[in-house]
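Here is the structure we will look at, set down as structure tokens.
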Amino acid sequence: MSSDASNTQTKLVIGAGDFLDLACEAWRALEPDTAIERIALAQDDAYRFDLAFLAEHDPARVTLFAACDDTFLNFKRLELLAYCRMRGYRLPPCIAPGAVVAPGVKLGENAFVGHGAVLAPSCRVEHNAVIGAGCSVGFAARIGHSAWLEAGAVIGDRAEIGAHTSVGSGVVVARGVKVGKLCELRVPGLHRDDIADKTYYNPNYPDPLRIFN
Amino acid sequence: MRSRMRPEHYLSEAVFAREQELLFRRLWIFFGFKTLLARHNDYLERSIGGVPVVVQNFNGELKAFENVCLHRQARIQTGMSGRRPLLCRYHGWGYDAAGRPENIPFHDQIYRFGAEERAALCLRQFALKTVGNAVFVNLAAEPMPMAWQFSAPFMDSLRSCSESWDGEIIFGRMPGRYNWKLAFENLRDGNHPRFVHPATLAKHVTFQAPVDEAALAATEAVAAGTPGPRERREQLRGFSFGVPDAPLGPRPAYDWHAHVERWPEGGDYYYNWLAYPNLHIASPDGGYSFTIEQHVPVAPGQSELLVWWVLAGKKDRYPASPAVLHAMMLGGRPVLEEDIRVMELVQSGLHAGAPVASQGAYEYLSRSVEQWYTDLMDGRFEL
Numbered sequence: 001m002s003s004d005a006s007n008t009q010t011k012l013v014i015g016a017g018d019f020l021d022l023a024c025e026a027w028r029a030l031e032p033d034t035a036i037e038r039i040a041l042a043q044d045d046a047y048r049f050d051l052a053f054l055a056e057h058d059p060a061r062v063t064l065f066a067a068c069d070d071t072f073l074n075f076k077r078l079e080l081l082a083y084c085r086m087r088g089y090r091l092p093p094c095i096a097p098g099a100v101v102a103p104g105v106k107l108g109e110n111a112f113v114g115h116g117a118v119l120a121p122s123c124r125v126e127h128n129a130v131i132g133a134g135c136s137v138g139f140a141a142r143i144g145h146s147a148w149l150e151a152g153a154v155i156g157d158r159a160e161i162g163a164h165t166s167v168g169s170g171v172v173v174a175r176g177v178k179v180g181k182l183c184e185l186r187v188p189g190l191h192r193d194d195i196a197d198k199t200y201y202n203p204n205y206p207d208p209l210r211i212f213n
Numbered sequence: 214m215r216s217r218m219r220p221e222h223y224l225s226e227a228v229f230a231r232e233q234e235l236l237f238r239r240l241w242i243f244f245g246f247k248t249l250l251a252r253h254n255d256y257l258e259r260s261i262g263g264v265p266v267v268v269q270n271f272n273g274e275l276k277a278f279e280n281v282c283l284h285r286q287a288r289i290q291t292g293m294s295g296r297r298p299l300l301c302r303y304h305g306w307g308y309d310a311a312g313r314p315e316n317i318p319f320h321d322q323i324y325r326f327g328a329e330e331r332a333a334l335c336l337r338q339f340a341l342k343t344v345g346n347a348v349f350v351n352l353a354a355e356p357m358p359m360a361w362q363f364s365a366p367f368m369d370s371l372r373s374c375s376e377s378w379d380g381e382i383i384f385g386r387m388p389g390r391y392n393w394k395l396a397f398e399n400l401r402d403g404n405h406p407r408f409v410h411p412a413t414l415a416k417h418v419t420f421q422a423p424v425d426e427a428a429l430a431a432t433e434a435v436a437a438g439t440p441g442p443r444e445r446r447e448q449l450r451g452f453s454f455g456v457p458d459a460p461l462g463p464r465p466a467y468d469w470h471a472h473v474e475r476w477p478e479g480g481d482y483y484y485n486w487l488a489y490p491n492l493h494i495a496s497p498d499g500g501y502s503f504t505i506e507q508h509v510p511v512a513p514g515q516s517e518l519l520v521w522w523v524l525a526g527k528k529d530r531y532p533a534s535p536a537v538l539h540a541m542m543l544g545g546r547p548v549l550e551e552d553i554r555v556m557e558l559v560q561s562g563l564h565a566g567a568p569v570a571s572q573g574a575y576e577y578l579s580r581s582v583e584q585w586y587t588d589l590m591d592g593r594f595e596l
């Protein structure tokens with residue numbers, strides 16, 4: 001089922017890495033009549049994208065999808081999205097085949113729901129958020145903009161994942177728990193308490209990293 | 214030249230306890246960042262020399278107290294950093310800026326301390342000094358002047374660089390099975406990066422291990438004699454310094470550079486500051502960012518490395534600054550891991566009968582530290 005009912009005939013899927021390929025596959029399955037063009041973006045040694053090619057396309061005839069992973073706390077993907085929006089492009093969300101999304105669930109621009117993910121009723125997925133394959137997002141849960149849920153992450157009913165926060169595979173956020181923005185939960189396990197903004201659970205450190213101020 | 218350090222200095226519980234008493238409770242020890250203490254009731258808490266300490270902002274004035282409630286000895290402030298009154302969670306005792314329990318709930322009904330006993334209740338207060346943005350605490354009853362421990366040029370340099378630190382700080386801990394002294398020995402060793410960090414740090418920066426002939430001669434002269442108190446202080450001051458340690462090659466200009474005010478004295482050098490006994494500060498990019506590291510003694514064969522990263526002060530709002538700090542912390546970790554692994558290699562080889570280290574000419578500063586340290590431990594002088 002297509003996520004965008006327009007008559008756009010070309011879609012540029014731009015980005016890098018595995019997520020670029022995953023997104024291309026999903027869009028090809030969703031919109032078999034649309035020309036899906038995969039564009040792997042180069043970065044200079046200061047990590048700046050080369051986006052000059054966008055000037056060659058017409059935003060009225062082409063839609064985009066920004067497919068970067070959660071590098072730089074998801075800011076690279078947001079940067080891409082912002083650049084494309086400023087140039088007048090639309091970036092509809094993508095629901096991969098096999099995802100189960102309850103009726104009425106709203107997805108923001110450039111959001112992505114992967115194969116086999118399940119989104120319960122009343123949950124919200126804000127712009128630029130990525131829900132990986134097989135994730136479970138509970139009733140009335142909220143996934144903030146530019147968040148990243150790796151395959152298999154579980155978000156409980158009414159839980160909240162803050163903007164730019166990444167949740168790794170094997171992580172379960174219990175019902176009602178609020179995870180702040182700009183966090184990373186990379187250690188498999190259950191989180192039963194709220195997590196402050198800018199807290200990083202990383203397997204290389206015995207305690208979470210924290211940013212103060 | 215044979216080192217003065219004996220295996221027991223890295224293995225013995227008795228030596229460890231003596232270090233806690235003679236060094237960590239007598240010297241000025243780095244405690245934290247003034248930018249985290251900017252507002253009334255902001256606090257930092259951690260242990261120094263085994264003593265829980267809190268530094269609290271009382272309407273703009275910073276005070277350092279023993280972080281132990283006088284009632285039932287609960288830790289008053291917790292969680293490293295926060296903002297709340299100096300109030301014990303156990304029974305609500307609230308302390309004022311002098312460390313006195315100004316409020317003891319239900320005092321008249323259930324405590325009934327006499328006037329004299331109540332007047333004597335006061336948290337132990339410690340000396341506190343700030344050098345730029347760096348907060349130091351001294352636990353001694355009669356703390357030495359800071360100028361005995363740190364030279365004026367060093368303090369000027371530390372003040373200058375720390376005043377350029379932004380208020381947003383990332384923090385992490387890395388435990389290791391090594392004696393804390395091995396860290397400073399490693400940091401003083403300009404010859405180790407090429408062997409320990411060939412694919413990381415040394416790939417981008419070339420450190421040298423120069424032999425300062427004048428300093429070497431001076432060290433040997435002091436070693437041959439019997440240093441008096443003035444020489445001891447001069448020795449101690451010589452253990453802390455800040456230098457442009459190695460030139461930096463061409464580097465990219467990252468987007469975030471435009472959003473920060475680079476340290477004005479920063480040039481194209483990898484900068485290192487060492488502050489005895491256990492503080493290391495580095496700027497790997499000529500003053501755009503800084504890492505502050507402290508090797509905290511936990512046990513003779515165990516340390517905890519506290520790592521902070523800060524950017525130079527922001528010129529304007531930059532929403533991605535947490536991502537830069539996060540990248541710095543994770544990017545710097547492999548180098549620290551390599552150092553920790555090699556220190557663990559040293560520690561694991563030490564035993565009561567282990568051979569004493571042999572030192573080359575370039576290790577003259579370590580020899581000076583060792584003379585001072587072993588004389589202190591052996592009771593030949595007092596701080």
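Residue numbers (the working numbering), protein chains in the order written: chain Z, 1 to 213; chain S, 214 to 596. Glycine included, every Cβ here is placed at the ideal spot set by N, Cα and C.
In the DSSP secondary-structure assignment, S:E274 is bridged to S:F271. Z:S122 is the residue among Z:G132, Z:S122, Z:A23, Z:A133 whose C-alpha sits nearest the C-alpha of Z:R142. In the structure shown, the three-state DSSP call for S:Q290 is coil. Among the residues of chain S, none has a CB under 7 angstroms from the CB of Z:P121; the nearest is roughly 32 angstroms distant. Boundaries cannot be given for Z:G138, as no alpha helix (DSSP H) includes it and DSSP labels it neither H nor E.
The segment 292 to 302 of chain S makes no contact with the segment 357 to 372 of chain S: fewer than 3 CB pairs, one atom from each, lie closer than 8 angstroms. Annotated as distal: S:H493 and S:L371, with beta-carbon spacing of 7 angstroms or more. Per the C-alpha coordinates, the member of S:N270, S:Y324, S:L341, S:T291 positioned closest to S:D309 is S:N270. Per DSSP, Z:K11 is one residue of the beta strand (DSSP E) stretching across 10 to 15. Apart from sequence neighbours up to five positions away, the residues of its chain that approach S:G385 with a beta-carbon distance below 7 angstroms are V520, M542, ordered along the chain.
Just measuring C-alpha positions, the residue of Z:V187, Z:A129, Z:A117, Z:A174 sitting nearest Z:D207 is Z:V187.
Cα atoms of S:D379 and S:L300: separation of roughly 29 angstroms, rounded to the nearest angstrom.
Contact annotation: in the segment 177 to 208 of chain Z, residues whose CB is within less than 7 angstroms of a CB in chain S are L182, K198, Y200, N204, Y205, P206, D207. Z:I161 carries a strand assignment under DSSP once its states are collapsed to helix, strand and coil. At a cut-off of 7 angstroms between beta carbons, Z:F49 makes no contact with chain S.
For Z:R28, the CB contacts under 6 angstroms within the same chain, skipping 5 residues up- and downstream, are I36 in chain order. Check the Cα spacing between S:G562 and each of S:W522, S:P477, S:R390: the tightest is with S:R390.
Short of 8 angstroms from the beta carbon of S:F237, and not among the five residues preceding or following it, lie these beta carbons of its own chain, in chain order: I261, G262, G263, L352, P490, P510. Listed along chain S are P535, A536, H539, each with a C-beta nearer than 7 angstroms to that of Z:L73.
For the segment 22 to 51 of chain Z, the set of positions with a beta-carbon nearer than 8 angstroms to some beta-carbon of chain S reads D44, D45, A46, Y47, R48 in chain order. Relative to S:K527, the option among S:Q560, S:H472, S:P477, S:A533 whose CA is nearest is S:H472. Relative to S:G479, the option among S:P465, S:W469, S:P463, S:P497 whose CA is nearest is S:P497. Of the candidates Z:Y89, Z:P103, Z:G88, the residue whose Cα lies closest to the Cα of Z:I95 is Z:P103. In this structure, the beta-carbon distance from Z:G156 to Z:G180 does not fall below 7 angstroms. The residue from Z:V171, Z:L209, Z:A140 with its alpha-carbon nearest to that of S:M387 is Z:L209. Here S:I323 is exposed, its C-beta having fewer than 16 other C-beta atoms within 10 Å. Of the candidates S:Y531, S:W585, S:A354, S:E517, S:E517 places its Cα closest to the Cα of Z:Y205.
No residue range can be given for Z:Y47, since it is assigned to no beta strand (DSSP E) and is classified by DSSP as neither H nor E. Residue Z:Q9 holds the alpha-carbon nearest to the alpha-carbon of Z:L30 among Z:D70, Z:L73, Z:Q9, Z:A60. Beta-bridge partners of S:M387 (DSSP): S:L518. In the three-state scheme derived from DSSP, where H, G and I count as helix and E and B as strand, S:E315 is classed as strand. Membership of S:W486 in the beta strand (DSSP E) is indicated by the continuous run 482 to 488.
Of the residues assessed, Z:L190 falls on the exposed side of the cut-off, its CB having fewer than 16 other CB atoms within 10 angstroms. By the criterion of at least three beta-carbon pairs nearer than 8 angstroms, the segment 165 to 178 of chain Z is not in contact with the segment 334 to 349 of chain S. Contact of Z:I161 with chain S by beta-carbon distance below 7 angstroms is absent, the smallest such distance being about 16 angstroms.
When the Cα atoms are used, S:W486 and S:V548 turn out to be separated by approximately 17 angstroms.
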